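Structure record follows, encoded as structure tokens.
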Amino acid sequence: MNIKTWVPSTLVVLALAITSVGIAQAKSEDSVTVYSSRKEHLIKPLFESFTKDTGIKVAYLTGKGGALIERLKLEGNNTKADMFMTVDAGNLWYAATQDLFQAVQTQTLKRNIPSHLRDPKGLWTGLSVRARTIVYSTERVNPTDLSTYENLADVKWSGRLCLRTSKKIYTKSLVASMIYHQGKNKVGDIISGWVDNLAATPNAKDSHIMNAIVAGQCDVGLVNTYYFGRLIAKNPNVPLKLFWANQDTTGVHVNVSGAGVTKYATNTKGAIKLLEWLSSVKAQAIYASLNKEYPANQNVASDEVVSSWGSFKQDKMNLAQTGVLQADAVKLMQIQGYR
Ligand code: FE
């Protein structure tokens, strides 16, 4: 090879390289890929609306949260996912500990979503709020007897309480929040009282708890509010009501469904745009009402049915604590025989 031919051929190679990078960028910038444990019917309408607004397409893959986290770990920097969506801050926190997210702290997210619903480092953001509170039989419970989660350990509820299994993340996060406010010793005693008051072995689903109360097996239980919303949509006359726990103390334990931009996103810019869009007034109204949840953006009103359950004071503990204290919660429940 002499110098005359060497120079132009190098230029050709460089030009090709630049062109192919350009194509790759153009391709990834008009599409975002999301792995989601939220079901398709809850996310598809939003993604379609986002595409209409921005021209950015959204490809998505739905599955169980735990399986998607394992998949993201296995795929590492080869993953196609730009965003991971799941439910419960305990799960989002776990994904963050597995180094699956990158920090995103934009003014838009800070403005739209209250800080207790976001990871302090910006690794994930809450996008819808669910409250975990007391549900009771309107036939057998006088609501003036109800007050707090702690009070369900009182002997007056002996043989009348239904709870979800301790294996469920919702239970772990609630107990973690109680440990945050009251310390392990006190919460150990409360769990011991809960276990003593159980009418039956812990339930596998929130809907089973409500069915058991309707069937007369127990009188009170703890559920995420949207399950109550689904039940009354099917059976408006069901003899159950929600009671807002801990209104004179720490507030109702709230949790989120949320999302984070993946560490190895190929379209970080697009994923941030989607995350910000999901926090917007327009998206929040759709997102929350699809599953009878509360908007995370405080400038958005709840849907009519959800509003009819009344307003409440929510626990403002930063939800990352549900993860930080998760192991303590699990250990306490094991010690106290909460299955
Ligand atoms: Fe759920």
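All letters in the sequence shown, in the order written, are residues 47 to 385 by our numbering. We put the CB at the ideal spot given by N, CA and C, even for glycine. Note that the structure is a prediction, hence the values are computed from the model and not measured.
Please name the residue or residues paired with proline 341 in a DSSP beta bridge.
-> Along the sequence shown, read from residue 1 onward, the residue named residue 341 stands at position 295. Within the DSSP secondary-structure output, proline 341 pairs in a beta bridge with Ser174.
Would you call the stretch 304-316 and the stretch 163-183 in contact, with 3 or more CB pairs under 8 Å?
-> Judged by Cβ distances under 8 Å, the stretch 304-316 makes contact with the stretch 163-183, as three or more pairs qualify.
List the endpoints of the continuous alpha helix (DSSP H) containing phenylalanine 147.
-> Against the sequence shown, residue 147 aligns to sequence position 101. No alpha helix (DSSP H) contains phenylalanine 147, which DSSP labels as neither H nor E.
When DSSP labels each residue in this structure, what does tyrosine 81 get in the three-state scheme?
-> As a first step, residue 81 must be located in the sequence shown, where it is residue number 35. In this structure, tyrosine 81 counts as strand in the three-state DSSP scheme.
Cβ neighbours of aspartate 235 in the same chain (closer than 8 Å, five flanking residues each side left out) = Counting from 1 along the sequence shown, the entry for residue 235 is found at position 189. Result list for aspartate 235: Ala199, in chain order.
How should leucine 107 be labelled, buried or exposed, when 16 other C-beta atoms within 10 angstroms of its C-beta is the threshold for buried?
-> Here the question's residue 107 lines up with position 61 in the sequence shown. With fewer than 16 Cβ atoms within 10 Å of its Cβ, leucine 107 is classed as exposed.
9 Å Cβ cutoff met for asparagine 292 and tyrosine 195 = Position 246 of the sequence shown, counted from the start, is the residue given in the question as residue 292. Position 149 of the sequence shown, counted from the start, is the residue given in the question as residue 195. By the CB criterion at 9 Å, asparagine 292 and tyrosine 195 fall inside the cutoff.
Under 8 Å from any heavy atom of the ligand FE, does the C-beta of asparagine 270 make it?
-> To locate residue 270, count along the sequence shown from 1; it is residue 224. At least one heavy atom of the ligand FE falls within 8 Å of the beta-carbon of asparagine 270.
Beta-carbon separation (whole angstroms), phenylalanine 289 vs leucine 192, contact threshold 8 Å | Translated into positions along the sequence shown, residue 289 becomes position 243. Translated into positions along the sequence shown, residue 192 becomes position 146. Between phenylalanine 289 and leucine 192, the beta carbon gap of about 5 Å places them in contact (Cβ cut-off 8 Å).
Cut-off 6 Å between Cβ atoms - residues of its own chain near tyrosine 81, not counting five sequence neighbours on either side = Reading the sequence shown from its first residue, position 35 is the one you call residue 81. The residues are Leu107, Leu114, Ala127 and Phe130.
So lysine 319 packs on isoleucine 89, CB below 8 Å; how close in whole Å?
-> Taking the first residue of the sequence shown as position 1, residue 319 is located at position 273. Taking the first residue of the sequence shown as position 1, residue 89 is located at position 43. For a cut-off of 8 Å, the C-beta gap from lysine 319 to isoleucine 89 is around 16 Å, too long to register as a contact.
Compare the beta carbon distance of lysine 119 and alanine 142 with 9 Å and say whether it is the shorter of the two.
-> As a first step, residue 119 is located in the sequence shown; it is residue number 73 there, counting from the start. As a first step, residue 142 is located in the sequence shown; it is residue number 96 there, counting from the start. For the 9 Å CB-CB criterion, lysine 119 and alanine 142 do not form a contact.
Compute the distance between the beta-carbons of threonine 79 and asparagine 313, then report whether it is under 9 Å.
-> For the purposes of this step, residue 79 is taken as residue 33 along the sequence shown, with counting starting at 1. For the purposes of this step, residue 313 is taken as residue 267 along the sequence shown, with counting starting at 1. Less than 9 Å separates the beta-carbon of threonine 79 from that of asparagine 313.
For the ligand FE, any of its heavy atoms closer than 8 Å to the Cβ of tyrosine 310?
-> Stepping through the sequence shown from its first residue, residue 310 is reached at position 264. No - the ligand FE has no heavy atom lying nearer than 8 Å to the Cβ of tyrosine 310.
Which runs of the beta strand (DSSP E) spanning at least 3 residues fall entirely within the stretch 113-201, listed in chain order?
-> Every beta strand (DSSP E) stretch that sits fully inside the stretch 113-201 and reaches 3 residues is listed by chain position as 129-133 and 171-183.
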